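Accompanying notes for the structure given below.
In UniProt numbering, the protein residues as written are 1 to 250.
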């Protein structure tokens with residue numbers, strides 16, 4: 001741990017951090033940002049991302065324990081360790097690396113929607129496999145296009161729609177709604193569902209919820225927000241105010 005901390009410390013020293021101009025009136029800038037429909041929709045779906053991801057965080061191992069008991073699968077703890085390794089060493093690393101390219105190619109809205117659909121496929125597959133060991137390849141493949149890509153998209157999109165000097169604030173709000181409020185709601189919802197309808201049915205509910213989020217988010221951006229869609233990720237130094245974008249990704 002100390003070695004990793006030392007490596008991280010020296011890596012941080014070498015980082016070239018740009019100087020960001022502070023807003024003249026942070027409260028006015030924040031008010032203008034939060035009064036925008038595009039921002040509200042984004043924050044809502046960032047919260048939904050936390051809700052759908054909460055099953056993995058709080059209930060996946062619980063489900064594996066129950067599933068292993070039902071199928072008389074031994075070495076459950078080994079299985080859980082391998083699943084964590086598959087999540088972090090599989091597609092997650094790849095998608096963190098290529099996420100910027102994906103966003104530039106298809107845009108924020110399409111990427112965000114694809115992430116929700118990936119969660120839907122992921123949970124659906126876990127709910128139908130005949131053995132807990134099948135969860136390892138599912139997690140190795142699906143952790144990337146779901147968790148890694150959606151996390152990157154939320155952070156990047158929060159930065160893209162923020163006025164100068166407000167990117168850290170907007171990213172903090174989005175992360176708080178995702179990892180904070182979203183996880184809290186998801187844990188309560190997941191716990192209630194798990195108690196009354198069981199793990200398999202709960203997985204399918206979360207799968208359906210994820211798919212609905214993915215489809216509805218894309219529809220909203222193609223209809224209600226069609227004139228304010230997707231500030232391009234290429235011009236990272238240029239701020240495009242929500243509702244006044246000239247460079248858009250279809």
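All residues carry an ideal CB built from backbone N, CA and C; glycine is no exception.
Since the structure is predicted, the reported quantities are computational estimates derived from the model, not experimental observations.
Neighbourhood of residue 209 by C-beta, 7 Å cutoff - its chain only, sequence neighbours within 5 removed:
In the chain shown, counting from the first residue as 1, residue 209 sits at position 209. Excluding residues within five positions, the ones whose Cβ falls inside 7 Å are 52.
In the structure shown, what three-state DSSP assignment does residue 73 receive?
Start at 1 with the first residue of the chain shown, and residue 73 comes out as number 73. DSSP places residue 73 in coil when its eight states are reduced to three.
Apply the 10 Å Cβ neighbour rule to residue 131 and answer buried if 16 or more other Cβ atoms are within range, or exposed otherwise.
In the chain shown, the residue the question calls residue 131 occupies position 131. Exposed is the call here.
I'd like to check one pair, residue 102 with residue 149: are the Cβ atoms closer than 8 Å?
One-based indexing of the chain shown puts residue 149 at position 149. One-based indexing of the chain shown puts residue 102 at position 102. Going by C-beta atoms, residue 149 is nearer than 8 Å to residue 102.
Reducing DSSP to helix, strand and coil, say where residue 24 ends up.
As a first step, residue 24 is located in the chain shown; it is residue number 24 there, counting from the start. In the structure shown, residue 24 sits in coil (DSSP, three-state: anything other than H, G, I, E or B).
How should residue 116 be labelled, buried or exposed, when 16 other C-beta atoms within 10 angstroms of its C-beta is the threshold for buried?
Indexing the chain shown from 1 puts residue 116 at position 116. Under this definition residue 116 is a buried residue.
Decide if residue 6 is buried, meaning its Cβ has at least 16 other Cβ atoms within 10 Å, or exposed.
Translated into the one-based positions of the chain shown, residue 6 becomes position 6. With fewer than 16 other Cβ atoms within 10 Å, it is exposed.
Going by C-alpha to C-alpha distance, which of 227, 186, 134, 151 sits closest to residue 79?
Looking up residue 79 in the chain shown gives position 79. Comparing Cα-Cα distances from residue 79 to each of 227, 186, 134, 151, the minimum goes to 134.
Assign residue 97 to buried or exposed, taking buried as 16 or more other Cβ atoms, counted over all protein chains shown, within 10 Å of its Cβ.
On the chain shown, position 97 is the one that residue 97 refers to. Answer is exposed; the Cβ neighbour count stays below 16.
Would you decide whether residue 122 is buried or exposed? Buried here means 16 or more other CB atoms lie within 10 Å of its CB.
As a working note, residue 122 is residue 122 in the chain shown. With 16 or more Cβ atoms within 10 Å of its Cβ, residue 122 is classed as buried.
Start-to-end residues for the alpha helix (DSSP H) that takes in residue 38:
Here residue 38 is taken as the residue at index 38 of the chain shown, counted from 1. First-last of the alpha helix (DSSP H) with residue 38: 37-58.
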